[in-house]
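Novice:
In this note's numbering, the protein residues as written are 1049 to 1394.
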């Protein structure tokens, strides 16, 4: 997503440049074919080249040299004086080229007459009038692209901030588990430390990436579940998922806030009725992750804390309205269902 958004201005620039190149090539070819109706190919090419060079100079000097004085600096008098000088220079250049190109006395006589001079001035004014809205359109599209890039950069910064919040939140919860084991002098503490190191390595290496393989993310969830099984022996933990996962990618650390929430708000160490059931359903265009857990304290039904609030914000930034995250309580069971669109590209 990041790379796609960063290329927005470059794409707009390529389209704008490509459009201008296409216009000028078409313009030149049109005049060559038009002039060919009255003269030889060589003469038609020379005549068209004259108009092409003069008009392209006129357009870009006006668009990028003079119009900024009018639009940004409000220098109306300076703009008017320079515009008159520009038109005068271009007309003089056109007349000089025509006098060099033509040797026919009748043609030279026509070139030196007032009607022809008025014609050249009028054509240059028309070209300038056409270039003005083109300049406004080009500036508009560039401004839109820059505004979009700024908005995208803000979204990316917020996304990174939300992902950074996951790390201390996850570490805090796991250290609580480790503290419980060491307090009871459990022999399982070293194993927990080893598994915790494995999980933290994944978060450091994969957490900053735009996307990770679905198989890697599920392996991370399963490693976390193993850690919880060590901590809470009297908890029924089930994870139903396809044996063979498709080769698709998802944003990292999407599932772990739901899993953490289940163990944080649905486990009572003094009870034998603890359970956390997870399921993953992968379809061609979507993925559904479901989790259910016992809700022994009804006060916790809205106690999603930092984890789920963070997840909700990330999902909105990633998918806008193309995802669903439903959480509800049925009896004393908490249900959470997350569905996201699936990207099957490698």
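Heads up, the beta-carbon is just placed ideally off N, CA and C, and yes, glycines get one too.
(1) If we call anything under 8 angstroms between Cβ atoms a contact, is residue 1370 one with residue 1328?
(2) From which residue to which residue does the alpha helix (DSSP H) around residue 1105 run?
(3) Just the Cα atoms here: how many angstroms apart are residue 1072 and residue 1085?
(4) According to DSSP, is residue 1286 helix, strand or coil?
(5) What does the alpha-carbon distance come out to for the pair residue 1386 and residue 1311?
(6) Between the alpha carbons of residue 1299 and residue 1258, how many angstroms are there, rounded?
(7) In three-state terms, what does DSSP make of residue 1422?
(8) Under 6 angstroms Cβ to Cβ from residue 1359, same chain only, skipping five residues before and after it: list those, please.
(9) Here's the rule I'm using: 16 or more other beta-carbon atoms within 10 Å means buried, otherwise exposed. How should residue 1138 be labelled?
(10) Would you say residue 1377 and residue 1356 are within 8 angstroms of each other, going by their C-beta atoms?
(11) Under 8 angstroms, do residue 1114 and residue 1131 count as touching if we go by C-beta distance?
(12) In terms of alpha-carbon separation, which member of 1274, 1262, 1365 and 1303 lies closest to residue 1391?
(13) Mind the definition here: the segment 1063-1071 touches the segment 1094-1105 only if three or more C-beta pairs lie below 8 angstroms; say whether that holds.
(14) Counting contacts by CB-CB distance shorter than 8 angstroms, is residue 1115 in contact with chain D?
(15) Using beta-carbon positions only, say whether residue 1110 and residue 1125 come within less than 8 angstroms of one another.
(16) Since residue 1388 and residue 1367 are thought to touch, with beta carbons under 8 angstroms apart, how far apart are those beta carbons, to the nearest angstrom?
(17) Have a look at the DSSP bridge pairing and note the partners of residue 1376.
(18) In whole angstroms, give me the CA-to-CA distance for residue 1253 and residue 1265.
(19) Among 1278, 1186, 1293 and 1307, which one has its Cα closest to the Cα of residue 1235?
(20) Assuming residue 1103 and residue 1169 form a contact by the criterion Cβ under 8 angstroms, report the distance between their Cβ atoms to the nearest whole angstrom.
(21) Grouping DSSP H, G and I as helix and E and B as strand, with all else coil, what is residue 1309?
(22) Taking the C-alpha atoms as reference points, what is the distance between residue 1382 and residue 1373?
(23) Beta-carbon within less than 6 angstroms of residue 1270's beta-carbon, same chain only, minus the 5 sequence neighbours each way: which residues are those?
(24) Using only the alpha-carbon positions, how far apart do residue 1267 and residue 1059 sit?
(25) Going straight from the alpha carbon of residue 1431 to that of residue 1361, what length do you get?
(26) So, helix, strand or coil for residue 1391, using DSSP?
(27) Excluding the 5 residues flanking residue 1146 on each side, which residues of the same chain have their C-beta closer than 6 angstroms to its C-beta?
(28) Are there 16 or more other CB atoms within 10 angstroms of the CB of residue 1152, so buried, or fewer, so exposed?
(29) What span of residues does the alpha helix (DSSP H) with residue 1407 cover, start to end?
(30) Does residue 1095 pass the burial test, meaning 16 or more other C-beta atoms within 10 Å, or should it be called exposed?
Specialist: Let's see:
(1) Within the chain shown, the letter at position 322 stands for residue 1370. Within the chain shown, the letter at position 280 stands for residue 1328. No. Outside cutoff.
(2) As a first step, residue 1105 must be located in the chain shown, where it is residue number 57. 1089-1109 is the extent of the alpha helix (DSSP H) around residue 1105.
(3) What you label residue 1072 is simply residue 24 of the chain shown in a count that begins at 1. What you label residue 1085 is simply residue 37 of the chain shown in a count that begins at 1. CA-to-CA, the gap between residue 1072 and residue 1085 works out to about 21 angstroms.
(4) As a first step, residue 1286 must be located in the chain shown, where it is residue number 238. In the structure shown, residue 1286 falls within a strand segment according to DSSP collapsed to helix, strand and coil.
(5) Position 338 of the chain shown, counting from 1, holds the residue named residue 1386. Position 263 of the chain shown, counting from 1, holds the residue named residue 1311. C-alpha separation (whole angstroms): 17 angstroms.
(6) Looking up residue 1299 in the chain shown gives position 251. Looking up residue 1258 in the chain shown gives position 210. So the alpha carbons of these two residues sit roughly 6 angstroms apart.
(7) This structure does not reach residue 1422, given that the chain is present from 1049 up to 1394, and the question cannot be answered.
(8) As a first step, residue 1359 must be located in the chain shown, where it is residue number 311. Same-chain partners within the cutoff: 1305.
(9) Mapped onto the chain shown, residue 1138 falls at position 90. Around the C-beta of residue 1138, 16 or more other C-beta atoms lie within 10 Å, and the residue is accordingly described as buried.
(10) For the purposes of this step, residue 1377 is taken as the residue at position 329 of the chain shown. For the purposes of this step, residue 1356 is taken as the residue at position 308 of the chain shown. No; because the gap between Cβ atoms is not below 8 angstroms, this pair is not in contact.
(11) To locate residue 1114, count along the chain shown from 1; it is residue 66. To locate residue 1131, count along the chain shown from 1; it is residue 83. A contact, by the Cβ cut-off of 8 angstroms.
(12) Walking along the chain shown from the start, residue 1391 turns up at place 343. Residue 1262 is the option with its Cα nearest to residue 1391.
(13) Contact annotation: the segment 1063-1071 does not touch the segment 1094-1105, with fewer than three C-beta pairs closer than 8 angstroms.
(14) Annotation note: the requested chain D is absent from the structure, which comprises a single protein chain.
(15) Here the question's residue 1110 lines up with position 62 in the chain shown. Here the question's residue 1125 lines up with position 77 in the chain shown. Not closer than 8 angstroms, so no.
(16) Locating residue 1388 in the chain shown gives position 340, where the first residue counts as 1. Locating residue 1367 in the chain shown gives position 319, where the first residue counts as 1. Right, their Cβ atoms sit about 6 angstroms apart.
(17) Numbered from its first residue, the chain shown carries residue 1376 at position 328. According to DSSP, which records beta bridges pairwise, residue 1376 is partnered with 1383.
(18) Looking up residue 1253 in the chain shown gives position 205. Looking up residue 1265 in the chain shown gives position 217. C-alpha separation (whole angstroms): 12 angstroms.
(19) On the chain shown, position 187 is the one that residue 1235 refers to. The candidate whose alpha carbon is nearest that of residue 1235 is 1278.
(20) The residue given as residue 1103 occupies position 55 in the chain shown. The residue given as residue 1169 occupies position 121 in the chain shown. Rounded to whole angstroms, the Cβ separation of residue 1103 and residue 1169 is 14 angstroms, and the two are not in contact under 8 angstroms.
(21) Mapped onto the chain shown, residue 1309 falls at position 261. Under the three-state reduction of DSSP, residue 1309 is assigned to helix.
(22) As a position in the chain shown, residue 1382 is number 334, starting the count at 1. As a position in the chain shown, residue 1373 is number 325, starting the count at 1. Taking the CA atoms as reference points, residue 1382 sits about 13 angstroms from residue 1373.
(23) The sequence position of residue 1270 within the chain shown is 222, counting from 1. The answer is none, since no qualifying residue turns up.
(24) Working through the chain shown from its first residue, we reach residue 1267 at position 219. Working through the chain shown from its first residue, we reach residue 1059 at position 11. When rounded, the distance between both Cα atoms is 38 angstroms.
(25) The requested residue 1431 is not part of the displayed model; the chain covers only 1049 to 1394.
(26) Counting from 1 along the chain shown, the entry for residue 1391 is found at position 343. Of the three classes helix, strand and coil, the one that applies to residue 1391 here is strand, per DSSP.
(27) The residue you call residue 1146 lines up with position 98 of the chain shown. These residues qualify, in order along the chain: 1159.
(28) To locate residue 1152, count along the chain shown from 1; it is residue 104. Exposed, since its Cβ has fewer than 16 Cβ neighbours within 10 Å.
(29) Outside the shown range of the chain, which is 1049 to 1394, sits residue 1407, and nothing can be said about it.
(30) Along the chain shown, read from residue 1 onward, the residue named residue 1095 stands at position 47. Flag for residue 1095 reads buried.
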